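A.B. asks: Residue numbers (the numbering used here), protein chains in the order written: chain A, 1 to 309; chain B, 1 to 255.
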């Protein structure tokens, strides 16, 4: 079943086109990453999904419920952690979570509230006023607020911006568990290593348009491949391998104690052994070798540089 | 069903708890202000003016002050809550859940009624000792107090939705609500005004709220309480329609 269906969504602010016809389909149970530089339209898209922004054209549906015409059903299935660190200064943590439960139609939700507070290390802050919390603690409460109604779709808009390592680990552990239990998770983040570690599929936005949409593994494979870096103590790189040499700082660079370092493009591990065999046949002596996999950051920069794939 | 939904109950509870947590500022302070009005105006004008036959000025003034406090505080509750939430950004906690437009408007307006009546009751309790008051038609007192508070609560909701900054809301309050309440017969009977200003007063809906409310105490008013009720009810219906329309359109809330 489709968790979030986004069809041809457009949104402009005066002359600025924030979203230029975005279409996406996120399946139930996916951990989906929405990436892009500042101003790419990520938050506008998330706000449209949450019903905080009304698109000029197109539609968004959560579990088949349109976010405008059937907004009550759609919002009931959605939990959103906003990017801004917002809080209501009148209430304690527990009051805040009870109120949020009530807005979603849940009375006597303390059992789950206690569990969520426990998972996010908020239990000892339950009766503390929101004003007295640190930024990191306020961020935890925002996450807890989004989860009070156990939404099948969880949207996290840069949930780890400006927070410490401990919260990141706590948060990802909890979110990963919810995802394993069947919750769909949509994440925007500028920490690409987080997206790479967590997301199964990724959409990259640039200038309000989707410029890449694929599974994480396919994206990494398709765009860049890996690099086999070899340092030859003796012998030359055979002619038959020269087409694999990538033009970066390693190519033919003299190494320590003589010899040259080459960086060769490989698509997967199975291509490594034939390369080594060719080197051995050519009498080359390898004294140092490293397989460097492309990461999401390489791909992100490549895509943002090219604009599309 | 939606009027007794958990969402509505929770938002009503939150809006009520919000002002109750700062009751010194939201309840005690306006009660003190009203008492100062009574002490000063009552002392200066008692025995010098006769607004209603057989009714002392202090007795005439008390219902006016009670109603003025009800109206101003009902307005303050919904408007200040909304503008604070908008400016601090925590309005998303109301906008993200599946609350209907009716649930939102009913909760904000009812919480305003609660605060308005709480302050009005407080003003009544501290001022009633200064003179002897009669209660000729208590039902009118309740009807106009509740309806007046609901109207001002709705106006506060509209102002809170419309305003994007605190000073816009302050302008709404200072240039519209405050003059309309002061010029509605809180301190005088419009019969004591020149004919032109009497006619102008009839275009002020606040006049009908206070006149009808005062009728409940003395059985006397500038115009029939039934006429006041009809005018005030129509006014409320128009404001409620505007508020619901703004909420449905997401005006200044959902961009």
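All C-beta atoms, glycine included, are put in the ideal place defined by N, C-alpha and C. Everything numeric in this text was worked out from a predicted model, so none of it was measured.
The beta strand (DSSP E) that contains residue 289 of chain A, what's its start and end?
C.D. replies: Taking the first residue of the first chain as position 1, residue 289 of chain A is located at position 289. From DSSP, the beta strand (DSSP E) with residue 289 of chain A extends over 285-292.
A.B. asks: Does residue 49 of chain A pass the burial test, meaning 16 or more other C-beta atoms within 10 Å, or should it be called exposed?
C.D. replies: One-based indexing of the first chain puts residue 49 of chain A at position 49. It counts as buried.
A.B. asks: Which of helix, strand or coil does DSSP assign to residue 86 of chain A?
C.D. replies: For the purposes of this step, residue 86 of chain A is identified with residue 86 of the first chain, where counting begins at 1. DSSP places residue 86 of chain A in coil when its eight states are reduced to three.
A.B. asks: Look at the alpha carbon of residue 94 of chain B and the alpha carbon of residue 229 of chain B, and state the distance between them as a whole number of angstroms.
C.D. replies: For the purposes of this step, residue 94 of chain B is taken as residue 94 along the second chain, with counting starting at 1. For the purposes of this step, residue 229 of chain B is taken as residue 229 along the second chain, with counting starting at 1. For residue 94 of chain B and residue 229 of chain B, the distance between alpha carbons rounds to 33 Å.
A.B. asks: So what does DSSP say about residue 16 of chain A, is it helix, strand or coil?
C.D. replies: Working through the first chain from its first residue, we reach residue 16 of chain A at position 16. DSSP places residue 16 of chain A in strand when its eight states are reduced to three.
A.B. asks: Cα-Cα, which of B/226, B/89, B/97, B/92 is closest to residue 75 of chain A?
C.D. replies: Taking the first residue of the first chain as 1, we reach residue 75 of chain A at position 75. Among B/226, B/89, B/97, B/92, the Cα nearest to that of residue 75 of chain A belongs to B/97.
A.B. asks: What distance in whole Å lies between the Cβ atoms of residue 145 of chain B and residue 67 of chain B, which are believed to be in contact at a cut-off of 8 Å?
C.D. replies: Position 67 of the second chain, counted from the first residue, corresponds to residue 67 of chain B. Position 145 of the second chain, counted from the first residue, corresponds to residue 145 of chain B. Sure, about 7 Å apart at Cβ, within 8 Å.
A.B. asks: Measure the Cβ-Cβ separation of residue 71 of chain B and residue 181 of chain B and say whether it is below 8 Å.
C.D. replies: Locating residue 71 of chain B in the second chain gives position 71, where the first residue counts as 1. Locating residue 181 of chain B in the second chain gives position 181, where the first residue counts as 1. Contact: yes.
A.B. asks: Assign residue 34 of chain B to buried or exposed, taking buried as 16 or more other Cβ atoms, counted over all protein chains shown, within 10 Å of its Cβ.
C.D. replies: Position 34 of the second chain holds residue 34 of chain B. Counting Cβ neighbours within 10 Å, residue 34 of chain B comes out buried, since at least 16 surround it.
A.B. asks: Report the option in A/216, A/101, A/178 whose CA atom is closest to the CA atom of residue 119 of chain A.
C.D. replies: Locating residue 119 of chain A in the first chain gives position 119, where the first residue counts as 1. Comparing Cα-Cα distances from residue 119 of chain A to each of A/216, A/101, A/178, the minimum goes to A/178.
A.B. asks: Am I right that residue 130 of chain B and residue 52 of chain B are in contact with their C-beta atoms under 8 Å? What's the rounded C-beta distance?
C.D. replies: Residue 130 of chain B sits at position 130 when you count from the first residue of the second chain. Residue 52 of chain B sits at position 52 when you count from the first residue of the second chain. The Cβ separation is near 17 Å, so there is no contact.
A.B. asks: Is there a Cβ of chain B sitting closer than 8 Å to that of residue 111 of chain A, yes or no?
C.D. replies: Residue numbering aside, residue 111 of chain A sits at position 111 when the first chain is read from its first letter. Output row for residue 111 of chain A: interface = no.
A.B. asks: Assign residue 257 of chain A to one of three DSSP states: helix, strand, or coil.
C.D. replies: Taking the first residue of the first chain as 1, we reach residue 257 of chain A at position 257. Low confidence applies to residue 257 of chain A: its pLDDT is 49, below 50, so where it sits in the model is not reliable, and the reading given next is rough at best. Three-state result, residue 257 of chain A: coil.
A.B. asks: Excluding the 5 residues flanking residue 197 of chain A on each side, which residues of the same chain have their C-beta closer than 8 Å to its C-beta?
C.D. replies: Residue 197 of chain A sits at position 197 when you count from the first residue of the first chain. Excluding positions up to five away in sequence, the list reads 172.
A.B. asks: At a CB-CB cut-off below 8 Å, which residues of chain B make contact with residue 53 of chain A?
C.D. replies: Along the first chain, read from residue 1 onward, the residue named residue 53 of chain A stands at position 53. What residue 53 of chain A touches in chain B: 254, 255.
A.B. asks: Flag this pair as yes or no: are the beta carbons of residue 24 of chain A and residue 202 of chain A separated by less than 8 Å?
C.D. replies: Numbered from 1 along the first chain, position 24 holds the residue referred to as residue 24 of chain A. Numbered from 1 along the first chain, position 202 holds the residue referred to as residue 202 of chain A. In this structure, residue 202 of chain A does not lie closer than 8 Å to residue 24 of chain A by Cβ.
A.B. asks: Would you mind sorting residue 215 of chain B into buried or exposed? The rule is 16 or more other CB atoms within 10 Å of its CB.
C.D. replies: In the second chain, residue 215 of chain B corresponds to position 215, counting from 1. Label assigned to residue 215 of chain B: buried.
A.B. asks: Between A/135, A/285, A/141, A/19, which lies nearest to residue 121 of chain A when the distance is taken from Cα to Cα?
C.D. replies: If you number the first chain from 1, residue 121 of chain A lands on position 121. Checked all of A/135, A/285, A/141, A/19; the closest Cα to residue 121 of chain A is A/141.
A.B. asks: Within 10 angstroms of the Cβ of residue 193 of chain A, are there 16 or more other Cβ atoms? Answer buried if so, exposed if not.
C.D. replies: Locating residue 193 of chain A in the first chain gives position 193, counting from the first residue. So residue 193 of chain A ends up on the exposed side.
A.B. asks: Restricting to Cα atoms, I'd like to know which of A/215, A/230, A/290, A/232 is closest to residue 299 of chain A.
C.D. replies: Here residue 299 of chain A refers to the residue found at position 299 of the first chain. Closest by alpha carbon: A/215.
A.B. asks: Check whether the Cβ atoms of residue 43 of chain B and residue 247 of chain B sit closer than 8 Å, and answer yes or no.
C.D. replies: For this step, residue 43 of chain B is matched to residue 43 along the second chain. For this step, residue 247 of chain B is matched to residue 247 along the second chain. For residue 43 of chain B and residue 247 of chain B, no; Cβs fall outside 8 Å.
A.B. asks: On the criterion of 16 or more Cβ atoms from any shown chain inside 10 Å, does residue 16 of chain B qualify as buried, or is it exposed?
C.D. replies: Position 16 of the second chain, counting from 1, holds the residue named residue 16 of chain B. Buried, since its Cβ has 16 or more Cβ neighbours within 10 Å.
A.B. asks: Starting from the beta carbon of residue 7 of chain B, find every residue of chain A whose beta carbon is closer than 8 Å, and list them in chain order.
C.D. replies: Numbered from its first residue, the second chain carries residue 7 of chain B at position 7. Simply 102, 103, 104, 105.
A.B. asks: Compute the Euclidean distance between the alpha carbons of residue 32 of chain A and residue 157 of chain A, then round it to the nearest angstrom.
C.D. replies: For this step, residue 32 of chain A is matched to residue 32 along the first chain. For this step, residue 157 of chain A is matched to residue 157 along the first chain. Whole-angstrom Cα-Cα distance: 12 Å.
A.B. asks: Please go through the segment 71-133 of chain A and give each complete beta strand (DSSP E) segment of 3 or more residues, from N-terminal end onward.
C.D. replies: List check, beta strand (DSSP E) in window: 78-81.
A.B. asks: Assign residue 137 of chain B to one of three DSSP states: helix, strand, or coil.
C.D. replies: Within the second chain, residue 137 of chain B is the residue found at index 137, counting from 1. Three-state result, residue 137 of chain B: coil.
A.B. asks: Determine whether the beta carbon atoms of residue 1 of chain A and residue 28 of chain A lie at a separation below 8 Å.
C.D. replies: Locating residue 1 of chain A in the first chain gives position 1, where the first residue counts as 1. Locating residue 28 of chain A in the first chain gives position 28, where the first residue counts as 1. Yes, the pair counts as a contact, with Cβ atoms nearer than the cut-off.
A.B. asks: Here's a check: name, in chain order, each residue in its chain whose Cβ is nearer than 6 Å to the Cβ of residue 40 of chain A, leaving out the five neighbours to either side.
C.D. replies: What you label residue 40 of chain A is simply residue 40 of the first chain in a count that begins at 1. Counting only Cβ-Cβ distances below 6 Å, and skipping sequence neighbours, we find 205, 206.
A.B. asks: Roughly how far, in whole angstroms, is the beta-carbon of residue 250 of chain B from the beta-carbon of residue 140 of chain B, given that I think they are within contact range, below 8 Å?
C.D. replies: Within the second chain, numbered from 1, the residue matching residue 250 of chain B stands at position 250. Within the second chain, numbered from 1, the residue matching residue 140 of chain B stands at position 140. So it is not a contact: roughly 38 Å between Cβ atoms.
A.B. asks: Give the range of the beta strand (DSSP E) segment to which residue 68 of chain A is assigned.
C.D. replies: What you label residue 68 of chain A is simply residue 68 of the first chain in a count that begins at 1. Premise fails: residue 68 of chain A is in no beta strand (DSSP E) and is neither H nor E.
A.B. asks: Return helix, strand or coil for residue 312 of chain A, following the three-state DSSP convention.
C.D. replies: Summary: the structure shown does not reach residue 312 of chain A, with chain A confined to residues 1 through 309, and so no result is reported for it.
A.B. asks: CB-CB under 8 Å to residue 166 of chain B, same chain, minus the five flanking residues each way: which ones, in chain order?
C.D. replies: One-based indexing of the second chain puts residue 166 of chain B at position 166. Contacts found: 83, 87.
A.B. asks: Per the contact definition of three or more C-beta pairs closer than 8 Å, is the segment 125-133 of chain A in contact with the segment 79-89 of chain A?
C.D. replies: The segment 79-89 of chain A vs the segment 125-133 of chain A: in contact.
A.B. asks: In three-state terms, what does DSSP make of residue 309 of chain A?
C.D. replies: Translated into the one-based positions of the first chain, residue 309 of chain A becomes position 309. Note that residue 309 of chain A has pLDDT 43, beneath the 50 cutoff, so the model's placement of it is unreliable and the number below is only indicative. Looking at residue 309 of chain A - three-state DSSP - the assignment turns out to be coil, as it is neither helix nor strand.
A.B. asks: Which of helix, strand or coil does DSSP assign to residue 56 of chain A?
C.D. replies: Residue mapping note: residue 56 of chain A aligns to position 56 of the first chain, counting from 1. In the structure shown, residue 56 of chain A sits in coil (DSSP, three-state: anything other than H, G, I, E or B).
A.B. asks: Quick one: is residue 257 of chain A buried, meaning 16 or more other Cβ sit within 10 Å of its Cβ, or exposed?
C.D. replies: The residue given as residue 257 of chain A occupies position 257 in the first chain. Unreliable placement is indicated for residue 257 of chain A, whose pLDDT of 49 sits below 50; the coordinate value is still reported in the next sentence. Residue 257 of chain A comes out exposed.
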